[in-house]
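Chains A and B supply the protein sequences, listed in that same order. According to the numbering used here, numbering within the first sequence proceeds without interruption in unit steps and concludes at 416. According to the numbering used here, numbering within the second sequence proceeds without interruption in unit steps and concludes at 206.
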Amino acid sequence: MHVFQSGGGSAFGRLVEQGGFLWGTTTDGGAFGKGTMFRMDFAGNFATLHSFAGGPGDGAIPTGGLLVANNSSFYGTTQFGGQYDGGTLYQIDSFGNVVILHSFGDVGDGTVPGPLMAVNGAVWGTTRGGGVSGAGTIYVLIPSSTMTVLHLTPTAGPVRVRPGDPVQIHGGIFPVGEVPSVLIGGVAASNVHLLDQENITAATPPDLAPGTLNEIIIVLPDGTQASLEKAWMADFLDVPQSDRRHEFVERVFRAGLMDGCGGGNFCEGGTVDRAELVTMALKAKHGPAWAPPACSGLFKDVPCPGPQADWVEDAVAEGVAQSCAREKFCPDRKLTRDEIPGILLKTEHGSAYVAPSCAGVFKDVKCPGPQANAIEQVYNEGLVEACSASPLRYCGNKRVERGPMAEYGSRAFRLP
Amino acid sequence: MNCANSSIRMLRVLVLSLGSTMFLTSAARAQVYEVVFDFGDSLASNPHGPLIRASDGHFYGTTFTGGSLGGDGGSVFRLSNRGSGQITFLHDFFDIGDGFQPAQSLLESSGYLFGSTTADSVNTGGSCNGFAPNTYRMDFIGNLSTIECPLSTPDMSALIEAFGAFWGVDYFADGQGLFRMDSSGNATVIKWLDHRFGGGELLLAS
Numbered sequence: 001m002h003v004f005q006s007g008g009g010s011a012f013g014r015l016v017e018q019g020g021f022l023w024g025t026t027t028d029g030g031a032f033g034k035g036t037m038f039r040m041d042f043a044g045n046f047a048t049l050h051s052f053a054g055g056p057g058d059g060a061i062p063t064g065g066l067l068v069a070n071n072s073s074f075y076g077t078t079q080f081g082g083q084y085d086g087g088t089l090y091q092i093d094s095f096g097n098v099v100i101l102h103s104f105g106d107v108g109d110g111t112v113p114g115p116l117m118a119v120n121g122a123v124w125g126t127t128r129g130g131g132v133s134g135a136g137t138i139y140v141l142i143p144s145s146t147m148t149v150l151h152l153t154p155t156a157g158p159v160r161v162r163p164g165d166p167v168q169i170h171g172g173i174f175p176v177g178e179v180p181s182v183l184i185g186g187v188a189a190s191n192v193h194l195l196d197q198e199n200i201t202a203a204t205p206p207d208l209a210p211g212t213l214n215e216i217i218i219v220l221p222d223g224t225q226a227s228l229e230k231a232w233m234a235d236f237l238d239v240p241q242s243d244r245r246h247e248f249v250e251r252v253f254r255a256g257l258m259d260g261c262g263g264g265n266f267c268e269g270g271t272v273d274r275a276e277l278v279t280m281a282l283k284a285k286h287g288p289a290w291a292p293p294a295c296s297g298l299f300k301d302v303p304c305p306g307p308q309a310d311w312v313e314d315a316v317a318e319g320v321a322q323s324c325a326r327e328k329f330c331p332d333r334k335l336t337r338d339e340i341p342g343i344l345l346k347t348e349h350g351s352a353y354v355a356p357s358c359a360g361v362f363k364d365v366k367c368p369g370p371q372a373n374a375i376e377q378v379y380n381e382g383l384v385e386a387c388s389a390s391p392l393r394y395c396g397n398k399r400v401e402r403g404p405m406a407e408y409g410s411r412a413f414r415l416p
Numbered sequence: 001m002n003c004a005n006s007s008i009r010m011l012r013v014l015v016l017s018l019g020s021t022m023f024l025t026s027a028a029r030a031q032v033y034e035v036v037f038d039f040g041d042s043l044a045s046n047p048h049g050p051l052i053r054a055s056d057g058h059f060y061g062t063t064f065t066g067g068s069l070g071g072d073g074g075s076v077f078r079l080s081n082r083g084s085g086q087i088t089f090l091h092d093f094f095d096i097g098d099g100f101q102p103a104q105s106l107l108e109s110s111g112y113l114f115g116s117t118t119a120d121s122v123n124t125g126g127s128c129n130g131f132a133p134n135t136y137r138m139d140f141i142g143n144l145s146t147i148e149c150p151l152s153t154p155d156m157s158a159l160i161e162a163f164g165a166f167w168g169v170d171y172f173a174d175g176q177g178l179f180r181m182d183s184s185g186n187a188t189v190i191k192w193l194d195h196r197f198g199g200g201e202l203l204l205a206s
């Protein structure tokens, strides 16, 4: 469609399609030899719209391609140029008019920015260099025309507390002087204060359902809205903030690996069966939306089709778990502490993982023995604790409860 | 687990529009700019590719060098969407059959993250030739396997997904080609190309 001539620019980075045209950048060429932004239609008609000049007022050497900002403009980055010659994040309109949104390279800032990503109006990117030690950074820029929510602090709290617990909503650009409304889980929050253009405080509504993840919505008087899904977790009634496993319960719940047990409770003391653990493992490996392949009827004790069969058969196919006997999986068998190390390690390290030989650290685990290697490895990795310290015992026959399972899963599956 | 909670360094700027007719001449613009994570707080360094937002809501990316799990050939990391710059390093490239120096964008598909490295010089795994970049597949916990190893240069494009397959441009034994690849890494060259492809990414036009 178009061949860039020698000295006329080397096309680099991501093209974008907008308004019937392809838009892109070149790393060199142009009037100043420092790159261009171009437009081309699908017939190959080509136009250079901007020649990057470098210096404090313009970027130079764009390499990250373009990102659509709106119907008539794009975001992009240059490796050099700008106020500190550390690169720029710029906005360019469809006529080639540029405004520098950020000059990289100030003290503590990154340099040499790369390609961009947009999420809810905010622009995210990385820099190859700069930062405190030159190792690069991750940054976010919220354009002045955008209102977005980045995160809350804290991310969870109790319900049925009047007034609710305070949360700080961080994002921007919140219009100072306005009085926004804040909805959490569709219910109006109280004590809303706009602290500055980046922060709002509010008291969580007391009437949210316990054990739920709630969207937060900020509404300005003119109807402008910004939202963040699953932003605030209404605590389970039986896992208060003071519970030492609250953080682990929040992680597995947010990751979609474990649900409550009903009535707004989590039931940390409840049992976990084999089918539940392999479902957790597969969701951790492949994301909460994972849909395993359809079952083929491998196990006589797992009806196919049935609610467990796809998960159980996929777990065996991926090497996460094994059958419990010939043509049986024992899906409803309650897990004991003996059984979980193998599944945790195969999920964490891959199906080919082989635990190192045991050293015989536990008084009640025979070494060498069929499970000793895996049991000592999960202990050494800090995934599963001993059941007594002196003498050191593992208690392999003890049932695994939901609270500890949330803790072990959070660690083994590296849940954020 | 290797998590590093960085203190958030915030740099706020007020950028004034420039007075040349060459540039937009809108009024003064206020915006928020934050350094969310500084890789100086970890042993990983020099991210090249873009971040992606995966279906779990978190951001994923790669560093070109370093590693926080013991490797020094780059890494794959996750930035939590819960804020405070919470990073988890999921995989380090050790250059022992898994390549090193990932640079292109990650792609999420079918419960995995797919990406490529720009080189792989050791290959004790035996699946790639010397100095050949590779394409890898990684689950969300960090288990990674090489799935494709063309005779390639560091200029392999980022993968895109379209029509039930992955597409990209890379160098093969017979030259540079547009290839189609399945999720197991079986690649077929669809079209040999005359012009040098310098990295980048294909675009599926409307």
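Beta carbons are placed, not taken as given, at the ideal position from N, Cα and C, and that holds for glycine. In this text the structure is predicted, and so the values were computed from the model without any measurement.
C-beta contact flag for residue i and residue j at 9 Å
i, j, result
"GLY456(A)", "ILE138(A)", "For chain A, the structure presents residues 1 to 416; residue 456(A) sits outside this window and is missing."
"MET44(A)", "ALA60(A)", "First, the amino acid is wrong: residue 44(A) is Gly here, not Met. Result no, Cβ atoms of GLY44(A) and ALA60(A) do not sit closer than 9 Å."
"GLY184(A)", "THR204(A)", "The sequence shown places Ile at residue 184(A), rather than the Gly named in the question. Contact: yes."
"GLY164(A)", "PRO206(A)", "yes"
"PHE77(B)", "THR65(B)", "no"
"GLY115(B)", "THR62(B)", "yes"
"SER184(B)", "ILE160(B)", "no"
"ILE200(A)", "GLN168(A)", "yes"
"ALA275(A)", "TRP311(A)", "yes"
"VAL16(A)", "LEU67(A)", "yes"
"LEU392(A)", "LEU344(A)", "no"
"ALA234(A)", "THR212(A)", "yes"
"ASP85(A)", "GLY105(A)", "yes"
"LEU89(A)", "LEU116(A)", "yes"
"GLY111(B)", "PHE93(B)", "no"
"SER42(B)", "ALA135(A)", "yes"
Distance cut-off 8 Å: residue i Cβ against heavy atoms of the ligand GTP
i, result
"ASP165(A)", "By its list of ligands, the structure shown contains no ligand whatsoever, and the ligand GTP lies outside what it can speak to."
Buried or exposed by the 16-neighbour rule on C-beta atoms within 10 Å, applied to residue i
i, result
"TRP192(B)", "exposed"
"THR347(A)", "buried"
"PHE100(B)", "buried"
"VAL252(A)", "buried"
"ILE190(B)", "exposed"
"THR124(B)", "With a pLDDT of 39 at THR124(B), under the threshold of 50, the predicted position of this residue should be treated as unreliable, though the coordinate-derived value follows. Under this definition THR124(B) is an exposed residue."
"LEU195(A)", "exposed"
"THR188(B)", "exposed"
"GLN322(A)", "exposed"
"ALA205(B)", "exposed"
"SER20(B)", "For SER20(B), the predicted model reports a pLDDT of 29, less than 50, meaning its position is unreliable; a value from the coordinates is still stated below. Exposed, by the Cβ-count rule."
"GLY396(A)", "buried"
"PHE176(A)", "Just to set this straight, residue 176(A) is Val in the shown sequence, not Phe. Answer is exposed; the Cβ neighbour count stays below 16."
"VAL354(A)", "exposed"
"GLU327(A)", "exposed"
"LEU415(A)", "buried"
"GLY342(A)", "buried"
Minimum C-alpha distance to residue i - residue among the options
i, options, result
"ILE52(B)", "LEU204(B), PRO102(B), GLY66(B) and LEU113(B)", "LEU113(B)"
"LEU237(A)", "GLY105(A), ALA231(A) and VAL249(A)", "VAL249(A)"
"SER242(A)", "ALA156(A), LEU298(A) and LEU101(A)", "ALA156(A)"
"ILE340(A)", "GLY29(A), ALA69(A) and PRO404(A)", "PRO404(A)"
"ARG85(B)", "PRO210(A), TRP232(A), SER296(A) and TRP124(A)", "Before going further, note that residue 85(B) is Gly rather than Arg in the sequence given. Taking only the C-alpha atoms, the option nearest GLY85(B) is TRP124(A)."
"GLN31(B)", "SER145(A), CYS267(A) and ALA315(A)", "SER145(A)"
"GLU313(A)", "LYS34(A), GLY223(A), PRO292(A) and VAL159(A)", "PRO292(A)"
"PHE52(A)", "ASP41(A), THR77(A), GLN377(A) and PRO113(A)", "THR77(A)"
"ASP338(A)", "THR48(A), ALA374(A) and LEU282(A)", "ALA374(A)"
"VAL179(A)", "HIS349(A), ALA202(A) and PRO158(A)", "ALA202(A)"
"GLY71(B)", "ILE96(B), ALA165(B), GLU108(B) and GLY49(B)", "ILE96(B)"
"GLU201(B)", "ARG399(A), GLU401(A), LYS398(A) and GLY24(A)", "GLY24(A)"
"GLY164(B)", "ASP170(B), GLN176(B), MET181(B) and LEU203(B)", "MET181(B)"
"THR271(A)", "GLN83(A), ARG402(A) and GLN79(A)", "ARG402(A)"
"GLY54(A)", "TRP232(A), VAL302(A), GLN79(A) and VAL161(A)", "GLN79(A)"
"ASN143(B)", "GLY350(A), CYS367(A) and GLY19(A)", "GLY350(A)"
"ASP56(B)", "ALA119(B), PHE140(B), SER45(B) and HIS48(B)", "PHE140(B)"
Beta-bridge partners of residue i, as assigned by DSSP
i, result
"ILE100(A)", "TYR90(A)"
"ILE184(A)", "VAL187(A) and ILE216(A)"
"TRP167(B)", "ILE160(B) and ARG180(B)"
*Examine the Cβ distances between the region 32 to 40 of chain B and the region 125 to 136 of chain A and report whether three or more of them are shorter than 8 Å.*
yes
*asked:* Using a Cβ distance threshold of 8 Å, determine whether the region 249 to 265 of chain A contacts the region 397 to 409 of chain A, with at least three qualifying pairs required.
replied: yes
*Could you say if the region 386 to 396 of chain A and the region 216 to 231 of chain A meet the contact criterion of at least three C-beta pairs nearer than 8 Å?*
no
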